[in-house]
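Quick note, in my numbering, the sequence shown goes up one by one and the last residue is 275. C-beta: ideal position from N, C-alpha, C; glycine also.
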Amino acid sequence: MNNNYKTYKSKIDGIFLNYAKIGSGKPLVLIHGWTNNWEGWIPIVSYLQKNYTLYVVDLPGFGDSGDLENYNIPKAAEYIALFIKTLDIATVGLLGFSMGTFVAAQTALSYPQLVNSVILIGPPLKQGTNFTGNRPLQTTLRSFDKFRLTQRFLKKIIESKNFTYSVAKYMNMYKFDKSLVDKYGMVGKKKLRIDAFIDMGLSFSSTNLAGIIKNLNIPTLLILGREDKVAPPHYAKAVINNNLKLSIIPFAGHMTFWEKPQQVAESIKTFTTEN
């Protein structure tokens, strides 16, 4: 996919992290989802770049960032924290999507001195849903992780357009839009390393995201599509506290920032202005 955004490499603990730096204003570090890379954020970038300096990162094992021997949520959070330190900025806001909400929340919990606010788009909060505490998902991932042949087979499935369209149509989007999927949903799948996909899936599916969020002492915004099947918004009510605000986006599923980028951006701007 062609885009006009320049990317950079930052050496972090022996590997290079790939990122785009876009816009000007308050610093926001954007953390992508499970099958994405930084380019998956492009639909909302134009709505944010006039108000924020966006650091749109590829996590280790994803996109054009380097590889690790193994992957998990705390390790990804450590790399995000080390990346923030290289920016020579006192504190940043964190914006995570789906799997990226686990990384963003863990970063804020473990390194609160680096973070001034947390914005979580599509955070799976209910144990036993598509992500969190899902034993069938864990069993499936472990079965594919046993052999290189099964790993390659899984990678081919993830990369296939038919699989991608089906997931978007029946799980991720309120109204299926093939053009959005083709533009922003394929590159990340092709570039991810399958061991990173499996390891991170096992890690976040055994992580209690709601528990992490409840322990944050940093202003936090949850953004959920009203029709989100991956992260149903009614589960967010259980974690609401004085530090947490909730924004429900009508006519949107899990991919709120693809389907309703302007509305999501307005929620972010309102939140960061107040905090």
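Legend entry - Closest Cα partner of residue 80 within the set 98, 68, 5, 60: In the sequence shown, counting from the first residue as 1, residue 80 sits at position 80. Taking only the C-alpha atoms, the option nearest residue 80 is 60.
Inset, instruction - Report the residue from 263, 183, 255 whose alpha carbon sits nearest the alpha carbon of residue 100. - result: Taking the sequence shown and counting its residues from 1, one reaches residue 100 at position 100. Ranked by Cα distance from residue 100, the first of 263, 183, 255 is 255.
Inset, instruction - Verify whether the separation of the beta carbon atoms of residue 16 and residue 6 is less than 8 Å. - result: Reading the sequence shown from its first residue, position 16 is the one you call residue 16. Reading the sequence shown from its first residue, position 6 is the one you call residue 6. Their beta carbons are not under 8 Å apart, which means residue 16 does not touch residue 6 by this criterion.
Inset, instruction - Would you mind working out which of 121, 180, 271 sits nearest residue 259, comparing C-alpha positions? - result: Against the sequence shown, residue 259 aligns to sequence position 259. The residue among 121, 180, 271 with its C-alpha nearest the C-alpha of residue 259 is 180.
Inset, instruction - Report back the beta-carbon spacing between residue 120 and residue 28 to the nearest angstrom; my notes put them in contact at under 8 Å. - result: In the sequence shown, residue 120 corresponds to position 120, counting from 1. In the sequence shown, residue 28 corresponds to position 28, counting from 1. About 13 Å; that fails the 8 Å criterion.
Inset, instruction - At 3 residues or longer, and completely inside the stretch 56-102: list those beta strand (DSSP E) runs for me, N to C. - result: List check, beta strand (DSSP E) in window: 92-97.
Legend entry - Helix, strand or coil at residue 128 according to DSSP, with G and I counted as helix: For the purposes of this step, residue 128 is taken as the residue at position 128 of the sequence shown. Since pLDDT at residue 128 reaches only 48, below the 50 mark, its modelled position is unreliable, and the value read off the structure follows with that caveat. Reduced to three states, the DSSP call for residue 128 is coil.
Legend entry - Three-state secondary structure assigned by DSSP to residue 116: Position 116 of the sequence shown, counted from the start, is the residue given in the question as residue 116. If DSSP states are grouped into helix, strand and coil, residue 116 belongs with the strands.
Legend entry - C-beta atoms of residue 253 and residue 172 nearer than 8 Å: Within the sequence shown, the letter at position 253 stands for residue 253. Within the sequence shown, the letter at position 172 stands for residue 172. The Cβ-Cβ distance between residue 253 and residue 172 falls below 8 Å.
Inset, instruction - Pull up the distance between the alpha-carbon of residue 4 and that of residue 182, whole angstroms please. - result: Here residue 4 refers to the residue found at position 4 when the sequence shown is read from its first residue. Here residue 182 refers to the residue found at position 182 when the sequence shown is read from its first residue. Their Cα atoms are separated by approximately 17 Å.
Legend entry - Start and end residues, beta strand (DSSP E) containing residue 247: Position 247 of the sequence shown, counted from the first residue, corresponds to residue 247. Annotation for residue 247: the continuous beta strand (DSSP E) segment containing it runs 244-249.
Inset, instruction - Let me know the secondary structure DSSP gives residue 7 once reduced to three states. - result: Translated into positions along the sequence shown, residue 7 becomes position 7. Secondary structure of residue 7 (DSSP, three-state): strand.
Legend entry - Contact the stretch 240-247 vs the stretch 23-42: 3+ CB pairs below 8 Å: Flag = no, the stretch 240-247 and the stretch 23-42 do not touch.
Inset, instruction - My understanding is that residue 209 touches residue 105, with C-beta atoms under 8 Å, so please give their C-beta distance in whole angstroms. - result: Within the sequence shown, numbered from 1, the residue matching residue 209 stands at position 209. Within the sequence shown, numbered from 1, the residue matching residue 105 stands at position 105. About 6 Å separates the Cβ atoms of residue 209 and residue 105, confirming a contact at the 8 Å cut-off.
Legend entry - Inter-residue spacing [alpha-carbon to alpha-carbon] between residue 115 and residue 230: Looking up residue 115 in the sequence shown gives position 115. Looking up residue 230 in the sequence shown gives position 230. One C-alpha to the other measures close to 27 Å.
Legend entry - Endpoints, the alpha helix (DSSP H) within which residue 35 is located: In the sequence shown, the residue the question calls residue 35 occupies position 35. Residue 35: not part of any alpha helix (DSSP H); DSSP gives it neither H nor E.
Inset, instruction - Report the rounded CA-to-CA distance for residue 123 versus residue 224, giving the unit in angstroms. - result: Locating residue 123 in the sequence shown gives position 123, counting from the first residue. Locating residue 224 in the sequence shown gives position 224, counting from the first residue. Whole-angstrom Cα-Cα distance: 8 Å.
Legend entry - Member of 207, 270, 11 whose CA lies at the smallest distance from the CA of residue 125: By 1-based counting over the sequence shown, the position of residue 125 is 125. The shortest Cα separation from residue 125 among 207, 270, 11 belongs to 207.
Legend entry - Residue from 94, 188, 164, 66 with nearest C-alpha to residue 177: Looking up residue 177 in the sequence shown gives position 177. The candidate whose alpha carbon is nearest that of residue 177 is 164.
Legend entry - Whole-number beta carbon distance between residue 102 and residue 257, since they are thought to touch under 8 Å: Mapped onto the sequence shown, residue 257 falls at position 257. Mapped onto the sequence shown, residue 102 falls at position 102. So it is not a contact: roughly 17 Å between Cβ atoms.
Inset, instruction - Report yes if the CB atom of residue 141 is closer than 8 Å to the CB atom of residue 118, and no otherwise. - result: Within the sequence shown, residue 141 is the residue found at index 141, counting from 1. Within the sequence shown, residue 118 is the residue found at index 118, counting from 1. When the beta-carbon positions are compared, residue 141 and residue 118 stay at least 8 Å from each other.
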